[in-house]
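Colleague: Take 61 as the starting number for the sequence shown in this note's numbering and just add one per residue.
Where a beta carbon is used, it is the ideal one built from N, C-alpha and C, also for glycine.
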Amino acid sequence: MNDQGTQPRQPQSQRGPAELPPLEQPGSRINWDACADETSERMDQPHAPLRADLRIECAHVFGVLDSPDAPGRGVSRIGLLKAGHGKTPLVVLNDVNGVPGTLYAAQLASILPPEMLSKFSLIGVDRRGTGDSDAARCIPGPAREQLVNIDPAANDVEPVVDAAREAGKECSIELETQFGALDSERTVADLETVRKALGIRHLNAIARGEGSRVLSLYATRHPDNAGRLVLDGAPDPSRDDLAATEETAAGAQAAYRDFATECTSGDCPLGPDPEQALSELVDRLRDRPLNTASGTTLGPGAALSAVLNGLADRPRWRELATAIAKARTGDGAELARFVEPMLKSTATKPARLDGALVTSCNDSMSRLSPDRINKTARDWRGKYPLFGGLIAQRLAWCSPWSRRTAPLPSPKGNGLPPVLVVSTRADPVTPERGTSRAAQNLSTAVRISWQGAGHGGVGQSECVTEAVTNFLIDGNVPHDDTPCPA
């Protein structure tokens with residue numbers, strides 16, 4: 061793996077709060093409508109309780125689609141959610157393959173300190189092609205199933221390549237001009253549309269995981285409009301996609317170890333060895349996949365994808381342990397709920413795989429041959445027994461797609477105020493090393509390293525949340541490489 065993340069950073073001069081732009085009140089003309097009930101229904105756990113005192117409102121703004129086929133033309137509809145009653149907007153972005161930004165903002169608002177919601181209104185933004193932002197609905201159900209549910213122990217990824225080829229063909233037909241416009245670079249323009257619609261000069265924002273790529277690109281392109289920015293986990297900015305993906309496999313393995321340690325510290329439904337319990341379940345599903353009442357087939361790939369999604373959602377770890385235990389007895393319904401948001405599409409909940417796959421493949425320059433992926437999968441299954449094969453197979457998801465003509469710009473941070481970057485030791489989505497390299501790449505980055513596990517530290521670690529709160533509200537910039545205990 062690439063060990064650049066272990067190299068020491070060059071010391072930076074400490075930057076004080078004077079360099080951060082002041083907070084400002086918006087001159088917004090956005091028409092907001094109450095949407096608490098609809099938001100609760102759209103959650104991964106339907107009817108999930110929101111804070112009783114939390115005002116939830118939704119709206120749309122409209123930008124330019126700017127497809128490669130029609131540059132500067134077309135309409136991009138951007139779904140927004142407003143949570144809280146503070147006067148200063150704080151934009152919230154999430155991973156393109158995770159909970160839509162609107163729902164993530166509602167989740168954050170339910171767990172952040174009261175002083176955050178007194179100062180800020182969280183403005184969740186659904187990435188183009190996801191959630192309520194003209195979500196992509198283009199991959200045929202059988203192709204989704206094949207992409208997610210192939211056995212990670214399979215010796216040949218050709219079936220995955222075939223499914224990815226069908227997905228790309230159908231998406232290019234169904235999405236038409238939208239197809240080429242779903243990428244991180246054009247999403248930057250959507251953020252600028254949101255900033256202008258909010259009537260503010262400086263964009264203050266929190267981005268989690270892969271959403272940090274969009275926010276750092278925004279700051280690089282619009283340095284004069286960059287406000288107080290927090291990157292809660294960030295993708296590796298290096299050009300070596302293979303090394304970065306291997307670190308994701310290592311991060312997933314580390315997160316499961318932490319999950320197992322936490323489980324066995326109490327009354328663990330998986331027994332004394334949760335790793336063995338999961339391995340036994342996966343072996344059993346090879347011969348006898350579980351079919352759920354919702355129509356999901358839980359084979360080895362879908363089961364491990366469900367666990368991977370659950371590891372990213374730290375507050376649901378106890379629920380995940382119970383779901384794995386029930387699947388071991390033949391009841392896969394609860395475990396399937398962790399993977400169904402990727403696979404199932406309804407009127408209000410589009411399958412997340414569609415927009416995520418189109419965006420990821422439009423962003424990526426990497427295209428590996430099936431032989432190279434097969435060799436990589438064999439290697440990673442030995443190094444990372446639980447998730448190595450699964451994550452290696454995902455390298456084939458973009459292999460038959462056309463490649464972008466030039467790589468995404470590399471964010472540098474020149475001329476920016478301090479940018480707060482949070483790394484998590486055992487993050488199964490944006491590994492610590494990749495986040496550290498992203499911080500090294502931004503000349504004004506100040507990093508907090510949380511020694512915990514899960515995807516992102518804001519709202520999960522008291523230490524991280526306090527530092528982020530002080531940074532956003534008071535402009536207090538922590539020292540670089542500040543540690544936060546697990």
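Taking contact to mean 3 or more Cβ pairs, one atom from each stretch, closer than 8 angstroms, check whether the stretch 151 to 158 and the stretch 178 to 194 are in contact.
Modeller: Short answer: they touch.
Colleague: For L150, which residues of its own chain have a beta-carbon under 6 angstroms away from its beta-carbon, when the five flanking residues on both sides are left out?
Modeller: Answer for L150: F180, L182, N264, listed in chain order.
Colleague: So I451 is in the alpha helix (DSSP H); what residue range does that whole segment cover?
Modeller: Per DSSP, I451 belongs to the alpha helix (DSSP H) from 448 to 453.
Colleague: Helix, strand or coil for P149 per DSSP?
Modeller: Correct three-state label for P149: strand.
Colleague: How close, in whole Å, do the beta carbons of T529 and M176 come, if the pair is a contact with beta carbons under 8 angstroms?
Modeller: Correct: roughly 6 angstroms between the Cβ atoms.
Colleague: Helix, strand or coil, according to DSSP, for R374 in the structure here?
Modeller: R374: helix per DSSP, three-state reduction.
Colleague: Ends of the beta strand (DSSP E) at E117?
Modeller: Looking at the DSSP string, the run of the beta strand (DSSP E) that includes E117 is 116 to 124.
Colleague: Do D414 and C198 have their C-beta atoms closer together than 7 angstroms?
Modeller: Cβ atoms of D414 and C198: closer than 7 angstroms.
Colleague: Give every residue of the same chain whose Cβ lies closer than 6 angstroms to the Cβ of N351, excluding the five residues on either side of it in the sequence, and list them in chain order.
Modeller: Here the set comprises T357.
Colleague: Hey, out of A315, L480, G535, whose CA is closest to S272's CA?
Modeller: Minimum Cα distance to S272 is reached at L480.
Colleague: Between the Cα of L125 and the Cα atoms of R246, E306, A456, which residue gives the shortest distance?
Modeller: Taking only the C-alpha atoms, the option nearest L125 is R246.
Colleague: Contact defined as beta carbons within less than 8 angstroms: I believe I451 pairs with T321. What is the distance between those atoms, to the nearest angstrom?
Modeller: Rounded, the Cβ-Cβ distance is 22 angstroms, inconsistent with contact.
Colleague: So what's K142 in DSSP terms, helix, strand or just coil?
Modeller: In the structure shown, K142 sits in a strand (DSSP, three-state: E or B).
Colleague: When we look at the beta-carbon of V537 and count the other beta-carbons within 10 Å, is it buried (16 or more) or exposed?
Modeller: V537 comes out buried.
Colleague: With DSSP collapsed to three states, give me the class of I260.
Modeller: The answer is coil: DSSP assigns I260 none of H, G, I, E or B.
Colleague: Can you find the residues in the same chain that come closer than 7 angstroms, C-beta to C-beta, to S178, ignoring five residues on each side of it along the sequence?
Modeller: The residues are G146.
Colleague: Would you tell me roughly how many angstroms separate the C-alpha atoms of R388 and D211, rounded to the nearest one?
Modeller: Cα to Cα, R388 sits roughly 17 angstroms from D211.
Colleague: Please state the DSSP three-state secondary structure of A203.
Modeller: Helix at A203.
Colleague: Beta-carbon separation of A286 and F447 under 7 angstroms?
Modeller: Contact: no.
Colleague: Note down, in chain order, each residue of its chain lying with its Cβ closer than 6 angstroms to the Cβ of R69, except the 5 sequence neighbours on either side.
Modeller: Caution is warranted here: a pLDDT of 37 is assigned to R69, below 50, making its placement in the model unreliable, and no coordinate value can be reported.
Colleague: When the Cα of R102 is compared with those of K472, A411, P469, which residue comes out closest?
Modeller: Cα-wise, what sits closest to R102 is A411.
Colleague: When DSSP labels each residue in this structure, what does S178 get in the three-state scheme?
Modeller: Three-state DSSP puts S178 in a helix.
Colleague: First and last residue of the alpha helix (DSSP H) that includes I433?
Modeller: Its alpha helix (DSSP H) spans residues 430 to 443.
Colleague: From the DSSP output, in three-state form, read off G287 for me.
Modeller: In this structure, G287 counts as strand in the three-state DSSP scheme.
Colleague: DSSP three-state label for P68, please.
Modeller: Reliability of the predicted coordinates at P68 is poor, the pLDDT of 36 falling under 50, and the value obtained from them is presented with this limitation in mind. Three-state result, P68: coil.
Colleague: Can you name the start and end residues of the alpha helix (DSSP H) that G311 belongs to?
Modeller: Where G311 is concerned, the enclosing alpha helix (DSSP H) stretches over 301 to 324.
Colleague: Using C-beta distances below 6 angstroms, list every residue in its chain close to L345, excluding the 5 sequence neighbours before and after it, in chain order.
Modeller: Closer than 6 angstroms at Cβ, skipping near neighbours: G359, P360, A363.
Colleague: Excluding the five sequence neighbours on either side, which residues of its own chain have a C-beta within less than 7 angstroms of the C-beta of R281, listed in chain order?
Modeller: If we look at R281 and ignore the five residues flanking it on each side, its Cβ neighbours are V248.
Colleague: With K472 and S503 assumed to form a contact (beta carbons below 8 angstroms), what rounded beta-carbon distance in angstroms separates them?
Modeller: That pair is a contact at about 6 angstroms.
Colleague: So which of W457, D93, A314 has the shortest CA-CA distance to V217?
Modeller: Measuring from the Cα of V217, the nearest candidate turns out to be W457.
Colleague: Per DSSP, what kind of secondary structure is A294 in: helix, strand or coil?
Modeller: Of the three classes helix, strand and coil, the one that applies to A294 here is coil, per DSSP.
Colleague: Could you give the first and the last residue of the continuous beta strand (DSSP E) run that contains S23?
Modeller: This structure gives no information on residue 23, because the portion of the chain shown stretches from 61 to 546.
Colleague: Please determine if the stretch 223 to 233 and the stretch 251 to 267 are in contact, where contact requires at least 3 C-beta pairs separated by less than 8 angstroms.
Modeller: At 8 angstroms Cβ cutoff, the stretches do not touch.
Colleague: Within 10 angstroms of the Cβ of V135, are there 16 or more other Cβ atoms? Answer buried if so, exposed if not.
Modeller: Burial call: exposed.
Colleague: Is it the case that the stretch 422 to 435 contacts the stretch 377 to 391, given that we only count it when at least three CB pairs across the two stretches are under 8 angstroms?
Modeller: The answer is no - the stretch 422 to 435 does not touch the stretch 377 to 391, with fewer than three Cβ pairs under 8 angstroms.
Colleague: Determine whether the beta carbon atoms of V418 and L242 lie at a separation below 7 angstroms.
Modeller: Going by C-beta atoms, V418 is nearer than 7 angstroms to L242.
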